[in-house]
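Engineer: Quick one: structure below, then a few questions.
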Amino acid sequence: MVKRFHLVVKFLSWHQARSYCRQHYKDLATILDSASNAEVSDIAKMGTYWIGLHQSNWRWSQVEYVVQMNTLWNNSWDEGEPRDGKCVAISGQGRWAVRDCEDQHPFSCYSAAANRHILQSHSMTWSEAQSYCRSKYTDLSSIRIQEDNDEISSLLQSITDSVNGTVNGTMAWIGLQRYVWMWSDGSDASYMPWGPGMPVGLTYCVTTKTYKLPTTWYSQSCHKASAFVCYTEVRQSVLRSVKVRLSRGSADLDDPTLQDSIQQQLQQKLEERGMTKEVKLRWKTQPDGKVFHREEEEGGHCEEGNVCVTV
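Using our numbering, the letters of the sequence shown correspond one by one to residues 1067 to 1377.
Here it is, written out as structure tokens:
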């Protein structure tokens, strides 16, 4: 898939711009490297435009779920938490604590198909657990209501700590993680060409300013109205030429009906060789207006690597 960027000259807040992009395109622009930054500069000249980068102190691995600073959030943290660090685990008593992301713990996955949390008793790092849950289920567990917290902690109590025979020391990874900067579509942010003195504290959304090259980024209040850049994803087209060898015959190769028949045979043979149905075949017309030219060649057999059909 290839990103295509789209300039939208409507003056909206960052959150309004994100909603607009998600409705009409895919999302606000995600810019992961200098090449994409230059591409945005080409379409968004001489201006200030929202892009998808924003600051989010906490997020769930299921990025569609927004972290709510509510009673559940305030009451779930263990004493002295959240401390410095990025990844969060839950205890058998339902208390949350920040742990080193490289620590290995059991973890809780969420299955959207079964609509339940599934505890994994083997231990992994946070990122390994995330990959496992995404491959086997839906994602690491998000805790949005008290019932989620109770369900996971109850499952965790069934694991006996191998050291002291209790659940007191057992923690399990959940999908909560601390980030500083992230993209609207959930992509991690590493490439960030900040302008001088940026980012500024208490400004949580980002614009690209294209007044001069190289284009740099500036943090702004999310409530400020600005034009913005969205993106879509399109499949990259690849053109390949295939030489077709036809067995000798007297058929009129310029007959459109015959050409359609040959094309159907080719499609079938290529699919037998593993070509997907997404690949489309078409004849290449030569400068003289013809598709086929007869050539006198020694040997009429079909050699390996050629595509051969019967006319």
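Don't be surprised by glycine CBs; every beta carbon is placed ideally from N, CA and C.
1. Does DSSP put Pro-1148 in a helix, in a strand, or in coil?
2. Residue range of the alpha helix (DSSP H) that Glu-1213 falls in?
3. Cα separation between Tyr-1297 and His-1090?
4. Find the nearest neighbour of Gln-1159 within the set Ala-1104, Leu-1222, His-1188, judged by alpha-carbon distance.
5. Tell me the rounded alpha-carbon separation between Val-1132 and Ser-1122.
6. Would you report the Cα separation of Ser-1079 and Lys-1290, rounded to the nearest angstrom?
7. Shortest alpha-carbon distance to Leu-1319 belongs to which of Arg-1339, Gly-1340, Val-1357, Ser-1292?
8. Out of Trp-1116, Tyr-1257, Asn-1181, state which residue places its alpha-carbon closest to the alpha-carbon of Ala-1083.
9. Would you call the segment 1186-1201 and the segment 1260-1276 touching, i.e. three or more CB-CB distances under 8 Å?
10. Using the beta-carbon count (16 or more within 10 Å), is Phe-1077 buried or exposed?
11. Ordered along the chain, which non-local residues of its own chain (more than five positions away) have a Cβ less than 6 Å from that of Glu-1168?
12. Taking the straight line between their C-alpha atoms, what separation do you get for Leu-1279 and Asp-1099?
13. Could you check whether Val-1272 and Trp-1283 sit closer than 8 Å to each other, using their CB atoms as the reference points?
14. I need the straight-line Cα distance from Ser-1208 to Tyr-1257, nearest angstrom please.
Structural biologist: In terms of the structure at hand:
1. Position 82 of the sequence shown holds residue 1148. Three-state DSSP puts Pro-1148 in coil, outside helix and strand.
2. Numbered from its first residue, the sequence shown carries residue 1213 at position 147. 1212-1222 is the extent of the alpha helix (DSSP H) around Glu-1213.
3. In the sequence shown, counting from the first residue as 1, residue 1297 sits at position 231. In the sequence shown, counting from the first residue as 1, residue 1090 sits at position 24. When rounded, the distance between both Cα atoms is 10 Å.
4. Taking the sequence shown and counting its residues from 1, the one referred to as residue 1159 is at position 93. Closest by alpha carbon: Leu-1222.
5. Taking the first residue of the sequence shown as position 1, residue 1132 is located at position 66. Taking the first residue of the sequence shown as position 1, residue 1122 is located at position 56. If you take the alpha carbons of Val-1132 and Ser-1122, they lie about 10 Å apart.
6. Along the sequence shown, one-based indexing puts residue 1079 at 13. Along the sequence shown, one-based indexing puts residue 1290 at 224. Their backbone Cα atoms lie some 5 Å apart in a straight line.
7. The sequence position of residue 1319 within the sequence shown is 253, counting from 1. The option with the nearest alpha carbon to Leu-1319 is Val-1357.
8. Along the sequence shown, one-based indexing puts residue 1083 at 17. Comparing Cα-Cα distances from Ala-1083 to each of Trp-1116, Tyr-1257, Asn-1181, the minimum goes to Trp-1116.
9. no
10. For the purposes of this step, residue 1077 is identified with residue 11 of the sequence shown, where counting begins at 1. Phe-1077 comes out exposed.
11. Counted from its first residue, the sequence shown places residue 1168 at position 102. Thr-1191.
12. For the purposes of this step, residue 1279 is taken as residue 213 along the sequence shown, with counting starting at 1. For the purposes of this step, residue 1099 is taken as residue 33 along the sequence shown, with counting starting at 1. One C-alpha to the other measures close to 15 Å.
13. Against the sequence shown, residue 1283 aligns to sequence position 217. Against the sequence shown, residue 1272 aligns to sequence position 206. Cβ atoms of Trp-1283 and Val-1272: closer than 8 Å.
14. For the purposes of this step, residue 1208 is taken as the residue at position 142 of the sequence shown. For the purposes of this step, residue 1257 is taken as the residue at position 191 of the sequence shown. Each residue's Cα considered, the two are about 28 Å apart.
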